[in-house]
Amino acid sequence: MGEEQAKIHALNKIISIIDEKASIYKNERKSMPSARAIAEKN
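As structure tokens, then:
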């Protein structure tokens, strides 16, 4: 069970890093209407 916990912990870490980068990226591009249009399509 310990190995399973470690995998889950690693995945959560990766997800939070990706999430952080995504929100930074979104904030940087908010002024661009085309970026917003692309984001709304997904």
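Residue numbers (the numbering used here): 1166 to 1207.
A virtual CB, placed ideally from N, CA and C, is assigned to each residue, including glycine.
These figures come from a predicted structure and were not determined experimentally.
Which value, in whole angstroms, describes the spacing of the CA atoms of residue i and residue j?
i: residue 1169; j: residue 1176; result: 11 Å
i: residue 1205; j: residue 1199; result: 10 Å
i: residue 1203; j: residue 1174; result: 32 Å
i: residue 1184; j: residue 1190; result: 10 Å
i: residue 1172; j: residue 1178; result: 10 Å
i: residue 1121; j: residue 1193; result: This structure cannot settle anything about residue 1121, because the visible part of the chain is limited to 1166 through 1207.
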